[in-house]
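Every position in the sequence shown, counted from 1, becomes a number in the numbering used here once 348 is added.
Below is one structure; the comments refer to it alone.
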Amino acid sequence: MQEMKYLSGYPAEIKKQVQVLVDNAKLADVLLKKYASVHDIRTDKALYQYVLNLKKNFLGNAEPINKVMFDNKIHVIKQALGTHTYISRVQGNKLKAKHEIRISSLFKNVPAEFLKMIVVHELAHLKEKEHDRAFYKLCEHMEPNYHQFELDLRLYLTHRDLVGELSWGGMS
349 MQEMKYLSGY PAEIKKQVQV LVDNAKLADV LLKKYASVHD IRTDKALYQY
399 VLNLKKNFLG NAEPINKVMF DNKIHVIKQA LGTHTYISRV QGNKLKAKHE
449 IRISSLFKNV PAEFLKMIVV HELAHLKEKE HDRAFYKLCE HMEPNYHQFE
499 LDLRLYLTHR DLVGELSWGG MS
């Protein structure tokens with residue numbers, strides 16, 4: 349059985365099913381059938397607006413986000429797909445906080461569901477710092493299919509590792 353690092357936390361039965369798909373060269377077919385095309389968010393400005401809209405709809409009273417961008421320095425190899433940073437600075441007698449969300453450039457050419465999953469994940473960190481029950485409950489509040497999208501994203505990353513890039517709706 350090939351190493352599937354993105355599925356390490358999943359039960360053996362799921363890994364076995366994925367291995368069968370990989371062995372029969374069917375994993376790409378499954379993903380492409382489920383997710384036929386990529387989103388159209390290509391710029392940092394469009395990503396920022398997308399993130400702000402999700403935040404407004406689900407986390408209206410959360411602290412403001414100062415910066416959102418695609419980042420080509422975030423690599424899947426380091427197990428990071430996005431980051432949320434929180435910087436506190438003292439300015440005079442006030443404490444100023446800045447929130448930045450950086451999304452791996454990998455997400456420029458994936459289905460909208462994968463982008464939404466990672467954005468929801470990073471937004472959830474505005475309210476919940478740890479990956480605990482409350483964190484995942486908030487993720488599910490913002491995207492009810494969060495866990496399915498996360499699994500499918502992990503399947504895509506596994507395909508990238510073992511076979512190579514997929515061509516979503518004519519793009520690669």
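Heads up, the beta-carbon is just placed ideally off N, CA and C, and yes, glycines get one too.
Nothing here was measured: the structure is a model prediction, and the numbers come from that model.
Query                                                                                                                           : Result
Reference R508, options Q365, R390, H489 and A376, closest by Cα                                                                : A376
Range of the contiguous beta strand (DSSP E) that encloses M417                                                                 : K415 to D419
Contacts around M383, its chain only, beta-carbon distance under 6 Å, and the 5 residues preceding and following it disregarded : Checking the sequence, you will find Tyr at residue 383 rather than Met. Within the same chain, Y383 has close Cβ partners P459.
Close-in-space but distant-in-sequence residues of the same chain around V366 (CB under 8 Å, 5 per side omitted)                : M352, L355, L375, L503 and T506
Own chain partners of C487 with C-beta closer than 7 Å, once the 5 adjacent residues on each side are dropped                   : V468, H469, A472 and Y494
Inter-stretch contact (C-beta, 8 Å, three-pair minimum) for the stretch 440 to 449 and the stretch 412 to 419                   : yes
Where S520 sits in the DSSP three-state scheme                                                                                  : Here S520 scores only 44 on pLDDT, less than 50, and its place in the model should not be relied on; the value that follows carries that caveat. Three-state DSSP puts S520 in coil, outside helix and strand.
Nonlocal neighbours in the same chain, by C-beta distance under 7 Å from I425, ignoring five residues either side               : Because I425 carries a pLDDT of 49, less than 50, the predicted location of this residue cannot be relied on, and no value is offered for it.
Inter-residue Cα distance where the pair is Y398 and F455                                                                       : 13 Å
Nearest-angstrom Cα separation, counted from E491 out to K464                                                                   : 8 Å
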